Each structure stands twice: as structure tokens, then as C-alpha cells.
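Down below is the structure, laid out as C-alpha cells.
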Amino acid sequence: MVDYYRLWPEWDRSFAFLSHDFLDPNHPKSQEYPYLHYALKTHLDRAMAARNHEEVSRCSHEFYKARTNAYRTDTEDYQTTYDPNPQITYRKNERTVIQTRYVKMCSYVKNNMEIIGLLGGGSYGTVFLACIPSPQADEDENNHDEDQYFAIKIEEVCNLRQHHDYNMMVEMAYMSPEMGALTDQGEVRYIPKEAQVMLFLTGSDRFPALHSVYSDRHFHATIMEAGIDHAIAGVNEDYDRKIPVFTGSYLIHQKIPILNEIEACKVSSQMLEGIRELRNLNLCHCDLSRSNYIIDEELNVRLIDLGMLDFGLKDDHYQRKKFAFVSWHEYQMMPELAAQFMKMDWRRRQRTDTLRPILPHDTRVVELWKFAATTYEILHGFAPWEDPVWDPAIGGDERLIAVGKRRSRMITEEMPVDENLSQDCVDALRIMLARETQQRPKIDDVTSLTWFGQWANHNEVLRRPHVDRYQSQIDNLMYTN
């Protein structure tokens, strides 16, 4: 292992770095934290067996330095060299970003898969939908039952040296995923942390399965299982055509809940299972949101977008001094954060800025609050303390006024809960969404709440309800296909 990690002040809470050490039973960290060594070793052994020990990092393209030395991007030699001119696309318009990431995708991927659409993305990465047609599809263009579908996440990446060495750090380092070491078929390969985590979680029903990684200099492709509906099978190739994915965003519409309590219990319980599985590896999901979990046609849940995870070996490692908040996550607002934002200096900046008030917090507490707020919203159709009456005219200044009133209620009023919900459900919501930080439960307390898992006591097969706005997107997609 290289020493460039240790140039980073927070290297001792880096999963990308320490996970490799924990796989060695003789390493001091494994001796100090034997449960974590056992958990990671067991998960990885199971993952590699499930994939028949197939190679994970597969791009063999080489980067030539000074026209002499040639390095694979995923090797230690490349990771510790200085590679100038890292790509920066996030400043450009959305269409240019998508096009650039498609063009720069490793040619091995495009030669072996058909890129048939766009699942989503943003500043940090773009996710394409790819297909490997079955032999049956080659013979019958209408037979796609055996086709394989994958999500391909393309990210700009700077190497290890430029990510952690402050003397060499480039602007891209602040957007680049952290690279972690993996012993792959006897060779040490460097892959994005998100791919590392997905590999350790192989076999879990709560996360997409990792297929492979292709690291082609400044652009990395992480290929994983795609969470799409069967209705999308057979769409034609068009890399920038938006493909709808049923995320948690479709469960909320005009403040009317889509699911009943039993259905919501299944969705929420499975989200909690995913959070618990991450915690078993000392990981905390810092980006839980409506958009970061997908629901299949039988209401099974998978958590996605694992790029923002906190890892720690002790409580201090999860402590932060500043809070990062963006306006479209208003539904996850916390009372202590609302109190900060009620101050005039923050109110002037709350329209578009990412706000970073000084607010010491534990990211594990915030993760569980986000989960609880999401559960409340699924059950009610609106966020905790939000006005339950839908008003389509609210926007601009009117929205800011409504936001201010909600924040005030969070500070001064008890949280209202639908009286038609079961008592176990009401109790769970009130416990998880306690206004005082010190009264909020930890992960073991949440998993012991009796409401979670009650959906399994019902014999009927739960199906995802019809949602007009989602179905209309599917219909439009197939009509234009």
C-alpha cells in the first residue's frame, strides 16, 4: 500500500484505505478491531465466490507518461504519479456533460454493451443504462426476456496522488470519488470507494450488485445491476434518452400518500435493513433522499448512490462541525438546523446556495433523521411539520414564507401524526423524530421498534400501486421507441 493516503489528515477514517488493511488478519488494525476484520473478510470471500472469482477491475488501457512508461489506470504506479490536465466537465451545461462522459467511456464497455439510455446523474457522475442482448433477442427482435441490463456510472477521477497530496491537489479532487485498493486476482487494483462497498455487499437484496469497473485514465465506469421495470425491455439505443426509474420521489404527489401503512411499512423496513447492513461495516449513508432508493414492482427496496458514506472506528470519526444543506432537501430539515436558519443572515441566502452553518453533529444521527423523515413522508404524503394542504400556487417568495412557517413550527410545536395510523407506527415516528437531539434513538433502538417488519405478518402479496405520472413516462418512452 502507498503512503499518499497518510498525507490526508482524515486517512484514519477512510474506508477506501483501511478496508484493505482489515483484510489482513495480521495487520494491527485487524488485531484491534477483530469484528471488523471478520465482517469484511467474510463479505469479500462470499462476494468473490458468488462471482466465481472473476476479475473486478477490467480496463487494460495504459497511460503513457513522457512517452516512455506505460501504466494501467488502476495500478499503484499510475495512482502515485502526477498526471496533468484532469478532466473537468461539471462546470459545463448538462448536455455537454452527458455527451463528454459518454464519449470518454472506456471503449471496452461500449464494444461489449449497448448503451440504450440515460438513468440519471449530476455534477458527480452520469448513469447510463446498458444492455447485453440475449441470443434469443438476436433471433427474435421482440424477445427480450433473457436480456441483461446494467447501470453504468461514469465519473471523472483524479488519481490518488492528486486527491490526497496537498502539494499536487487539483480542483477535480473535490469532486472525484476516493480510490481504494482491492487485491484482484493477485494484483492490487484501485477502484472507486462506491464500487468497493458494493462488492462487499454482494448478495444483499438491499443494494445493486456490482458487475465490474473500467478505469480509463480520468473517467471510471462502475457497472452494476440496473433497477428498471420489465416494461422498459427492448428500448432502442439512444445514450441521452431519459429512462424513468421508480425512486422514492414517485411515492409523494401533491401531499397525498401513494402507499397504505402496510405497504409503507415494507418500504421503510427494507430501507432500514440497508442502513443496518452498512452499519455492520461501520458505514453511514450520508446521502439518503427520495431519489436514492428504488422500488421494484413488488415493493422491494434497494439503496443506491453510495458515493457519500462516512466510515469510522470510534465516535469521534462521525463528528462534523459544519452542516451542508441544499434547498431541495427541505423535507429533511431538522429542528436544530431550523433554529440556525431562522437567523436573518442565513435567510438571505436560502434560495439557491448550499448553506454550511456551524452546527456540530453526528452523521449517524443525521442519517437516522433523514430515514425517519422519509418514513413520515411516505405515510402522510408530506414532510414532518409541513402544512398538509396542497397549494399549487406556492412558489418563489410564497414558498420561502411557507418554509419559514414550517421551521418555526418545528421549533415550537409538537409534531402532528395521522391518527389513523397504528399505535406502533405512531410510537415509532415520535421516537425517531424527537425534537431534542439527545432523545433520538441509535440504530439498535430503531431496529428494535415493533412497527418495522410488521408487513411480513400479512399474507397478501404487496404490489406497487399504479402511479399516473410514472406510467405516462413509460408510455411516452415506448411510444417513441
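To convert, take the position in the sequence shown, counting from 1, and add 54; that gives this note's numbering.
Note that CB positions come from ideal geometry on N, CA and C, so glycine has one too.
Quick caveat: nothing in here was measured; it's all calculated off a predicted structure.
At the level of alpha carbons, what is the spacing between residue i and residue j?
i, j, result
"Val-189", "Thr-256", "Looking at the sequence itself, residue 189 is Pro, so the reference to Val does not match. So the alpha carbons of these two residues sit roughly 27 angstroms apart."
"Ala-235", "Tyr-244", "5 angstroms"
"Asp-359", "Tyr-347", "8 angstroms"
"Arg-126", "Tyr-132", "7 angstroms"
"Glu-315", "Met-387", "23 angstroms"
"His-520", "Ala-482", "28 angstroms"
"Met-362", "Glu-210", "16 angstroms"
"Leu-77", "Leu-264", "19 angstroms"
"Ala-101", "Val-110", "11 angstroms"
"Asp-369", "Lys-397", "30 angstroms"
"Leu-342", "Ala-426", "11 angstroms"
"Val-26", "Ala-287", "In the structure displayed, the chain extends from 55 to 535; residue 26 sits before or after that span and is not available."
"Pro-88", "Val-355", "31 angstroms"
"Asp-270", "Asp-66", "28 angstroms"
"His-81", "Phe-71", "13 angstroms"
"Glu-108", "Ser-266", "9 angstroms"
"His-74", "Arg-453", "48 angstroms"
"Met-278", "Ala-249", "9 angstroms"
"Cys-319", "Gln-508", "7 angstroms"
"Lys-95", "Ser-84", "10 angstroms"
"Gly-174", "Lys-296", "7 angstroms"
"Ala-378", "Arg-484", "25 angstroms"
"Gln-493", "Ala-93", "30 angstroms"
"Cys-479", "Glu-168", "45 angstroms"
"Lys-376", "Leu-409", "9 angstroms"
By alpha-carbon positions, which one of the options ends up nearest to residue i?
i, options, result
"Arg-344", "Asp-364, Glu-210, Tyr-304", "Tyr-304"
"Arg-155", "Gln-216, Gln-525, Gly-179, Phe-71", "Gly-179"
"Phe-300", "Arg-489, Arg-67, Ile-528", "Ile-528"
"Asp-238", "Thr-129, Val-457, Val-289", "Thr-129"
"Gly-553", "His-434, Ile-497, Arg-112", "Examination of residue 553 is not possible in this model, given that the chain is present from 55 through 535 alone."
"Leu-395", "Gly-458, Gly-366, Asn-147", "This sequence places Phe at residue 395; Leu is not what is there. Ranking Gly-458, Gly-366, Asn-147 by Cα distance to Phe-395 puts Gly-458 first."
"Glu-467", "Asn-474, Lys-146, Arg-489", "Arg-489"
"Ser-322", "Phe-506, Leu-94, Leu-183", "Phe-506"
"Leu-214", "Asp-445, Pro-411, Pro-470, Tyr-136", "Tyr-136"
"Glu-421", "Met-486, Ile-152, Glu-232", "Met-486"
"Thr-134", "Met-233, Val-181, Gln-153, Glu-86", "Met-233"
"Glu-241", "Thr-428, Tyr-203, Phe-377, Arg-112", "Arg-112"
"Thr-491", "Leu-413, Asp-451, Ile-349", "Leu-413"
"Leu-172", "His-512, Ile-448, Ala-205", "Ala-205"
"Ser-258", "Gln-324, His-512, Lys-146", "Gln-324"
Around the Cβ of residue i, are there at least 16 other Cβ atoms within 10 angstroms (buried) or fewer (exposed)?
i, result
"Ala-510", "exposed"
"Asp-364", "buried"
"Trp-439", "buried"
"Thr-276", "buried"
"Ser-114", "exposed"
"Trp-423", "buried"
"His-217", "buried"
"Tyr-293", "buried"
"Pro-231", "buried"
"His-339", "buried"
"Glu-148", "exposed"
"Pro-79", "exposed"
"Arg-461", "buried"
Beta-carbon within less than 6 angstroms of residue i's beta-carbon, same chain only, minus the 5 sequence neighbours each way: which residues are those?
i, result
"His-97", "Phe-254"
"Phe-251", "According to the sequence as given, residue 251 is Val; it is not Phe. Here the set comprises Leu-360."
"Val-163", "Tyr-268, Ala-275"
Counting only the same chain and skipping the five closest in sequence on each side, list residues whose C-beta sits under 7 angstroms from that of residue i.
i, result
"Thr-351", "First, the residue type needs correcting, since residue 351 is Glu and not Thr in the sequence shown. Hits under 7 angstroms: Asp-283, Arg-517, Arg-518."
"Tyr-118", "Ala-124"
"Ser-526", "none"
"Ile-310", "Gly-435"
Spell out the partners DSSP gives residue i in its beta bridges.
i, result
"Pro-246", "Met-233"
"Glu-210", "Phe-273"
"Leu-433", "Per DSSP, none; premise fails for Leu-433."
"Ile-169", "Ala-184"
"Gln-202", "Ile-186"
"Ala-124", "Tyr-118"
Using 8 angstroms as the limit for Cβ to Cβ distance, is residue i near chain D?
i, result
"Val-471", "Absent from the structure: chain D. Only one protein chain is present."
Starting from the C-beta of residue i, find all residues in its chain whose C-beta is less than 8 angstroms away, skip the five residues before and the five after it, and write them out in chain order.
i, result
"Thr-501", "Leu-326, Arg-330"
"Phe-273", "Gln-141, Arg-155, Lys-158, Met-159, Cys-160, Ile-208, Glu-209, Glu-210, Val-211"
"Ile-306", "Ile-312, Arg-344, Glu-431, Ile-432, Gly-435, Phe-436"
Indicate, with yes or no, if the ligand GTP has a heavy atom lying under 7 angstroms from the CB of residue i.
i, result
"Leu-413", "By its list of ligands, the structure shown contains no ligand whatsoever, and the ligand GTP lies outside what it can speak to."
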